[in-house]
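In the working numbering, the protein residues as written are 499 to 737.
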Ligand SMILES: C[S@@+](CC[C@H](N)C(=O)[O-])C[C@H]1O[C@@H](n2cnc3c(N)ncnc32)[C@H](O)[C@@H]1O
C-alpha cells in the first residue's frame with residue numbers, strides 16, 4: 499500500500515458511498531468498457547476463477563460483488579447444475595446484469611461484502627472479481643467469505659495488479675493512467691471512475707501481501723497466479 503493519501507481516492511469513511519455512486523453511474527457501459535480495456539480477455543480469467551472454486555456438481559457458489567454477473571454466468575455456463583447467488587452493493591449494476599444471458603438465471607441479492615447476509619458454511623465456495631480494491635477492509639471481506647464457506651471450501655479472488663517488469667510496467671502505466679481514463683470518459687461519460695480505477699490498483703496490496711492477508715483472514719493453502727503479462731492476479735485459499 500502507498501502510505502500516502504491519494505488526491506484521487508476518497509477517504510475511507512466515504513469510500514463505500516463513493517464506490518456505490520460510481521458503479522451506479524457507469525453500470526450502463528460497464529460490460530463494454532471491460533471488453534475494451536481487457537481486449538476481451540476477462541472471460542478467460544472468470545473461467546479460471548470458476549475452475550479454482552473447485553465446486554462439486556450441484557455445488558453452491560457465492561459471487562460477491564457480482565456486478566453485472568459475469569462470473570456467476572460463467573459458472574452456470576460451465577456447469578448448469580450449480581446453485582449460484584450473486585451479491586452486490588450496487589442495485590444498478592445488478593439491474594444491467596439480470597436476464598442478460600438467455601437461459602441462465604440466478605438470484606441477484608443486494609448486500610455488503612463486509613457483512614454477508616448468510617449463515618456460516620452456506621456455500622461450497624465464494625469468489626469475487628475486481629472487488630477487493632473497492633472495500634474499506636480487505637481482511638474482513640476475506641474473513642466474511644471464509645465464514646460463509648464450508649470447511650474445505652475455496653475462496654477465490656480476481657484483481658488487477660500493477661506489473662513489475664521495468665519496460666512493460668512503464669508502458670502499462672501509460673495505458674492504465676492515461677489511456678483508460680480517456681477511453682472511459684468517451685465510452686461511459688465518467689472519466690473520474692476510470693481515473694479512480696488505476697489509482698485504486700496502485701494503492702492495493704501486491705500479490706504476496708494479499709496472500710498474507712488471506713491467511714490472516716483464516717484461509718490456508720493460499721496461492722496465486724498472474725495473468726495478462728502480470729496485470730491480473732488470481733488468488734485462492736481453502737477454509
Ligand atoms: C469492478 S466491479 C466488478 C463486478 C464483477 N465482479 C465483474 O467481475 O465484472 C466491482 C463491483 O464491486 C461492488 N462492490 C464494491 N464494494 C462492495 C461491497 N462492499 N459489497 C458488495 N459489493 C461491492 C460494486 O458495486 C461493483 O459492482
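Ideal placement from N, C-alpha and C gives every residue a C-beta, glycine not left out.
Using CA atoms only, rank isn't needed, just tell me which of the options is closest to residue i.
i: residue 736; options: 533, 595, 680 and 643; result: 643
i: residue 524; options: 704, 689 and 601; result: 689
i: residue 712; options: 628, 517, 609 and 640; result: 640
i: residue 654; options: 521, 596, 570 and 506; result: 570
i: residue 603; options: 580, 533 and 710; result: 580
i: residue 656; options: 722, 618 and 665; result: 722
i: residue 567; options: 535, 558, 606 and 546; result: 606
i: residue 720; options: 652, 585, 530 and 548; result: 652
Would you say the beta carbon of residue i comes nearer than 7 Å to a heavy atom of ligand 1?
i: residue 566; result: yes
i: residue 627; result: yes
i: residue 612; result: yes
i: residue 569; result: yes
i: residue 731; result: no
i: residue 633; result: yes
i: residue 521; result: yes
i: residue 563; result: yes
i: residue 596; result: no
i: residue 659; result: no
i: residue 546; result: no
i: residue 518; result: yes
i: residue 726; result: no
i: residue 511; result: no
i: residue 680; result: no
i: residue 588; result: yes
i: residue 585; result: yes
DSSP state of residue i, grouped into three classes?
i: residue 567; result: coil
i: residue 633; result: coil
i: residue 507; result: coil
i: residue 618; result: coil
i: residue 650; result: strand
i: residue 623; result: strand
i: residue 666; result: helix
i: residue 546; result: helix
i: residue 693; result: helix
i: residue 628; result: coil
i: residue 724; result: strand
i: residue 585; result: strand
Per DSSP, what are the beta-bridge partners of residue i in this structure?
i: residue 657; result: 731
i: residue 718; result: 736
i: residue 613; result: 610
i: residue 561; result: 584 and 625
Quick one: which unbroken beta strand (DSSP E) runs of 3-plus residues sit fully inside the stretch 510 to 540? Chain order, please.
-> none
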